[in-house]
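For reference, the structure is listed below as structure tokens.
There are 4 protein chains.
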Amino acid sequence: MSGNTLGTLFAVTNFGESHGPAIGCVIDGCPPGMELAEADIQAELDRRRPGTSRHVTQRNEPDAVEILSGVYEGKTTGTPICLLIRNTDQRSKDYSAIAQTFRPGHADYTYFHKYGIRDPRGGGRSSARLTAPTVAAGAVARKWLAQQYGMQFRGCMAQIGEIEIPFESWEHVPHNPFFAPVADVSALEDYMDALRKAGDSCGAKIRVTASGMPVGLGEPLYDRLDADIAKAMMGLNAVKAVEIGAGFASVTQRGTTHGDSLSPEGFRSNNAGGVLGGISTGQDLEVTIAIKPTSSIISPRETIDIEGRSTEVITKGRHDPCVGIRATPIAEALLALVVMEHALRQRAQCGDVRLPVAPIKASA
Amino acid sequence: MSGNTLGTLFAVTNFGESHGPAIGCVIDGCPPGMELAEADIQAELDRRRPGTSRHVTQRNEPDAVEILSGVYEGKTTGTPICLLIRNTDQRSKDYSAIAQTFRPGHADYTYFHKYGIRDPRGGGRSSARLTAPTVAAGAVARKWLAQQYGMQFRGCMAQIGEIEIPFESWEHVPHNPFFAPVADVSALEDYMDALRKAGDSCGAKIRVTASGMPVGLGEPLYDRLDADIAKAMMGLNAVKAVEIGAGFASVTQRGTTHGDSLSPEGFRSNNAGGVLGGISTGQDLEVTIAIKPTSSIISPRETIDIEGRSTEVITKGRHDPCVGIRATPIAEALLALVVMEHALRQRAQCGDVRLPVAPIKASA
Amino acid sequence: MSGNTLGTLFAVTNFGESHGPAIGCVIDGCPPGMELAEADIQAELDRRRPGTSRHVTQRNEPDAVEILSGVYEGKTTGTPICLLIRNTDQRSKDYSAIAQTFRPGHADYTYFHKYGIRDPRGGGRSSARLTAPTVAAGAVARKWLAQQYGMQFRGCMAQIGEIEIPFESWEHVPHNPFFAPVADVSALEDYMDALRKAGDSCGAKIRVTASGMPVGLGEPLYDRLDADIAKAMMGLNAVKAVEIGAGFASVTQRGTTHGDSLSPEGFRSNNAGGVLGGISTGQDLEVTIAIKPTSSIISPRETIDIEGRSTEVITKGRHDPCVGIRATPIAEALLALVVMEHALRQRAQCGDVRLPVAPIKASA
Amino acid sequence: MSGNTLGTLFAVTNFGESHGPAIGCVIDGCPPGMELAEADIQAELDRRRPGTSRHVTQRNEPDAVEILSGVYEGKTTGTPICLLIRNTDQRSKDYSAIAQTFRPGHADYTYFHKYGIRDPRGGGRSSARLTAPTVAAGAVARKWLAQQYGMQFRGCMAQIGEIEIPFESWEHVPHNPFFAPVADVSALEDYMDALRKAGDSCGAKIRVTASGMPVGLGEPLYDRLDADIAKAMMGLNAVKAVEIGAGFASVTQRGTTHGDSLSPEGFRSNNAGGVLGGISTGQDLEVTIAIKPTSSIISPRETIDIEGRSTEVITKGRHDPCVGIRATPIAEALLALVVMEHALRQRAQCGDVRLPVAPIKASA
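Same order as they appear, the protein sequences are chains B, G, L and R.
Numbering of the first sequence is given in full-length UniProt numbering, commencing with residue 1 and proceeding in unit increments.
Numbering of the second sequence is given in full-length UniProt numbering, commencing with residue 1 and proceeding in unit increments.
Numbering of the third sequence is given in full-length UniProt numbering, commencing with residue 1 and proceeding in unit increments.
Numbering of the fourth sequence is given in full-length UniProt numbering, commencing with residue 1 and proceeding in unit increments.
Next up, the structure:
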């Protein structure tokens, strides 16, 4: 069944392959009357764009977005918004060698066995390139949530491989290619340079937050806010783990410590990560995700071909040695899309969205 | 909008409150012709039942399930299966004191602010009691998946508080109240006894697996198998983190290590946890979840009442000091429900479900 | 896939079989804070109840509804509302003879071929008895729409067999067993008596309206208000046709006549039936449905058995000679459920529901 | 909420406005491995294309479709298929006069009141032009259903205004601009010429059928096959009524006549129109729809402007005097889309689709 739509009330349907004519998405359910121009979306696309530093894939695409529908005289009309991004820098010849083999750790194997056919060019449908339409749709949600409730979505790199990155300030994030919240990223640069020389790849940990949250978003029993965040994040390429608030640390916490006490001024801590019982508390959402190392690496790996015969595979072409580096704006977009969906659900059932009474913002 | 249905093709709609007349669910989409009796479901319900050891809540409910529809002469007919469980041991007087205050770490606060009204008796809709219908529905899915594909779902306790529990054997799991895969649980019993005396609660880590998996289940881009698993697990009461396969360990892995190499006999490892690109590989699914400490504790906590005034709360009544102890059968049920959904989706789009060619089962 | 849920935001999931232990539904998405008691629902159930005149089936069921969840201290809490109706007057022995044959015009044949198994007792899942939960859910929607917007849903019989019934007044409708808007129903009674003696059955035409409609409900392109009305009505047992507004008469109308002209005081006519472009105009909704004659009749019919062999079938037992007679309250409930769904959708996307500026109510 | 998606398993999401840059759709859920080229789709688009006779709008668009995704080396891959049609012959100046007034019988009024904003150019989102993506998606469904089950979808004009059109043969349908099943259409041409001269418009009645139907498609209680057909048809621009099988004629039929008797060779008649209890019988589907007269006419009409002031409106520009003339291929496409959806649903729940045992095809 269709699995390419995220959300129900703010429904984003994603289409395209890495080396096909175009990628894009259709947003159905955007509230009418909001000013929207391609520049609003392009700004977010540019944040995840490849080819911007030596630490990411050298595929150089402008990723220029075109609004095909749903906007009239600069305003959303409430009808579906189709966003189109033409593919322009495909080099499909790079991939011909791998059409017959499966890269360890890659979706090659599973797409082939699921459908009996796959587009191998640039990873086809499984390419991280398909996160671009998600980012584009997220830009629309972010604009609406900012205007309507003053919400803000931010993310940063928390760890690359073994290097934990302390949180210094959000201000540093836009000024380095890693989205790292630190002033000095020379250690990260050295680490990545060494990794690239070794022909290997590494994982990363990303932190994402939402501030200015309303209270009351989330639809238990099953469509909880944290559940939908977990789905969106785990559905991002290469993600292998998701934490909300204290996450795994809550295993060793006591109840007397973990439960965030309340005062008339708000919560005193945020172990909950902004969600209790699947519903937002009004505190900042706090999400952490683990991203695995890229499977497309130049080092030779043992594998099989589509006939099941033993062989070896080396992935040439242009790949990110750490897909986590470009993941921050994507994770922010996903968080915005989930919050947007739940804001509209709350309007449907309860008639409005409630802003919290002075919760203490625990996020740094 | 409705958030009480899990799944689309095998859709489980959950209803009820902890101290209302009854709880239950409607399963819509069960394949016809399968033998199904109440005993099939009761066996799983009994595994999560309260009151079975001193380490869990002393609420004593038989949790007897009644099949109200969808079964004729002992076989499923393809029509909705309603499963009803009457509540019999409610002691609502225990909870009257907390109707006006919010327990730190509890859904009291968010339900009240979302809906403007809440049923405070026994946690109302947010009670862990509402996992019983999920377990009941999971039992139906498990039976079908076992008969159709020989699949098996198992889980065990991996950690309670600070105590990591080594994996000895699945055989031990049914023989202790913790679902621990070890022969000797005396350390766990001592730990829980001390905790209970201290009037505190602790977290836990649970591992869940599925074996006999077909290859090809999962619907990227968004409805990936791992994404839906993450949603189902994070949607379980008190869960704060989910890992698939190597999970957070993949952050520090290299691509040369993480990517599971393939041989003609199957995969050589299972860092993927049975999912690549959001689609099952045929290897065992490997999922780990973190469960926070119970928020209903006897120790006094700083909080506010529904008027926003500062106060203190102590939760009397019968509560699990570690909700993780009873979580294993629930997590197994959730995993089965997600796999069931994706098996039916695979039949819809691709006409059948493919069994893998001899993948190496990496799970212990 | 699951086909037993009507609506998405106000989602009604129906379960049960005619002669199983119980029938019922779960309503997910009801706004919180509305007063709701069993009596609110029972009143509507009593309007469709069998056994109330000699012109309908003599099955005598109290159809007493029990609210199992979602209501606390007399108010809806925003959580799922499960409504249960126990079956009490099953006489399954009446139906044993027909388990092996297919009644012409009956769902016997298709249920058997779809699922490979069917519950033949009283029509099983295909029984018109399963409209009772729909009526119960409709009562909840009606109460909310009346309180929120002052809406009203009314229906009446427009034709039985060859007898067209002129519209005299809504006041007559509750005072005869046909829901006929006329003072004198003796002709209808004679007609039905003759039909019953002949061992035959007949069709009927029903009119349903909604007044007090907001403007702007409906979600084109596909989920238009009239489209969803058509689905709900055609999904009612025995319905073979649906008209909105002028319906088939619009085929021979000219554009200069059909298009309802507008004045500052409102529309001058209602050929549209209250819907333009799939969106409500604020005028009354006007719907007409055709209901086929009952297929369970005492006259012998040529048919086959489940082995495909030629045979004859006579349906004994207690059946309505004109299922249309009890259809009016069901059609009203369906209309209310569709409007409720779209009112919540409108709140989600557009933030509110707009009441129209003085449209002329064209309905008599 | 999103209303621009038709279907769940074969989900078609429609986007675009009449005079925007492009229109199109995304098909999610198409089975993999089917040969698909733009020519397969173009053939159906050409059947509904404007500008092909003097009886339809003179807007002259090639409606050339481009496949943007989901097809690799000429075969579907199971991933979303985006179909794009660029708009090329917009004359937006024609419409500027009507941006401030509401055409009687047109969606102008309701779009404006629903969203508070509308794109008035060429009817914007409410234009019949948006049926082109539906036809394109239908072509994909038709190809798959033909290959898989040998199914065929056909339609024809049954009435224009007062002129009833007898059924002579399917062979005549492609040879006249009316899709009329008669050899001589001179009466229809004279009728339309007179109408056009009078500056007026008229309605029409269309018949659509599906042959080669499997038995068992349809998901009662609510997602019945006939219910979903009714929704799809009533959701087509200008449709005001839908009949299945005998339709309104069943009101005056007796049960002894209406119920189609069965013999070992199949059904003896088809009053059911191929559906019993919401599930296909294996007989031909028989659907009739009523289409209202075009609301965009050159004759002056009384109306109001967006400020609510009394005014008069004349619609210049290029419009179909009878939208029914081009409706036949659209109705066929819609029927195919509904059947496709239900075929996939049947595979999901029941594992396969069953071909009927020799039902008598009652369609002429």
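Even glycine gets a Cβ: it sits at the ideal position worked out from N, Cα and C.
Pairing G/A241 with G/V339 gives a Cβ-Cβ distance that is not under 8 Å. Residues are counted here when their Cβ sits less than 9 Å from a Cβ of chain G; for the stretch 274-290 of chain B these are V275, L276, G277, G278, I279, S280, T281, G282, T288, A290, given in chain order.
For a Cβ distance threshold of 9 Å, nothing in chain L lies close to R/A22: the least Cβ distance comes to about 15 Å. Taking 8 Å as the CB threshold, R/Q349 lines the interface with chain G. Each residue's CA atom was taken as its position, placing B/C202 and G/A139 some 40 Å apart.
Under DSSP, B/F267 takes part in a beta bridge, and its partners are B/L262. Within the stretch 114-151 of chain B, the alpha helix (DSSP H) runs of at least 4 residues that lie entirely inside it are, in chain order, 131-149. Straight-line measurement puts the Cα of R/V185 at about 39 Å from the Cα of L/Q283. Just measuring C-alpha positions, the residue of L/N14, L/P32, L/E17 sitting nearest B/R347 is L/P32. Taking C-beta atoms as the reference points, L/V215 and L/I244 fail to come closer than 8 Å.
The C-beta of B/K316 comes no closer than 8 Å to any C-beta of chain G. Within the stretch 252-269 of chain G, those residues whose Cβ lies closer than 7 Å to any Cβ of chain B are, in chain order, T252, Q253, R254, G255, T256, H258, G259, D260, S261, L262, S263, P264. For R/P32, a Cβ of chain B is located within less than 8 Å of the residue's own Cβ. The alpha-carbon of R/A99 is positioned some 24 Å away from that of L/G351.
Interface annotation, G/T328: not in contact with chain R, CB-CB separation never under 8 Å. If you compare the alpha carbons of L/E332, L/R121, L/G255 with that of L/A246, the shortest gap goes to L/G255. Contact annotation: the stretch 4-14 of chain B touches the stretch 22-40 of chain B, with at least three C-beta pairs closer than 8 Å. A straight line joining the alpha-carbon of B/Y149 with that of G/L337 spans about 36 Å.
With a cut-off of 8 Å on Cβ pairs, the stretch 163-175 of chain G is not in contact with the stretch 60-69 of chain G, counting fewer than three such pairs. Contact between the stretch 78-89 of chain R and the stretch 100-116 of chain R is absent: fewer than three C-beta pairs spanning the two stretches fall below 8 Å. In this structure G/A238 is buried. Its beta-carbon is surrounded by 16 or more other beta-carbon atoms within 10 angstroms. Around the beta carbon of B/P220, 16 or more other beta carbons sit within 10 angstroms, so the residue counts as buried.
For L/P80, a Cβ of chain G is located within less than 8 Å of the residue's own Cβ. In this structure, R/M157 lies away from R/A136, with their beta-carbon atoms at least 8 Å apart. For L/T5, the closest of L/P133, L/T101, L/G122 by C-alpha to C-alpha distance is L/P133. Scanning B/P264, B/Q253, B/S263, B/I279 for the CA closest to the CA of B/N271 turns up B/Q253. Close partners of R/G29 in chain G (Cβ separation under 7 Å): Q349. Residue pairing from DSSP places R/M157 in a beta bridge opposite R/I206.
Chain-ordered listing is empty here: chain G has no CB closer than 8 Å to the CB of B/A331, the nearest sitting near 14 Å. When secondary structure is reduced to three states using DSSP, G/E341 falls in the helix class. Across the structure, B/D200 and B/R309 are spaced so that their CA atoms are roughly 25 Å apart.
Here B/P80 has V26, I27, D28, S69, G70 as same chain residues with Cβ atoms under 7 Å from its own Cβ, once five neighbours each way along the sequence are excluded. The way I'd put it, the stretch 14-21 of chain R does touch the stretch 119-127 of chain R; three or more beta-carbon pairs between them come closer than 8 Å. The C-beta distance from L/V323 to L/I229 rounds to 20 Å, too long to fall under 8 Å, and the pair is not in contact.
Take the alpha-carbon of R/Q42 and the one of R/G24: they are about 13 Å apart.
Along the stretch 49-78 of chain R, none of the residues has a CB nearer than 9 Å to a CB of chain L.
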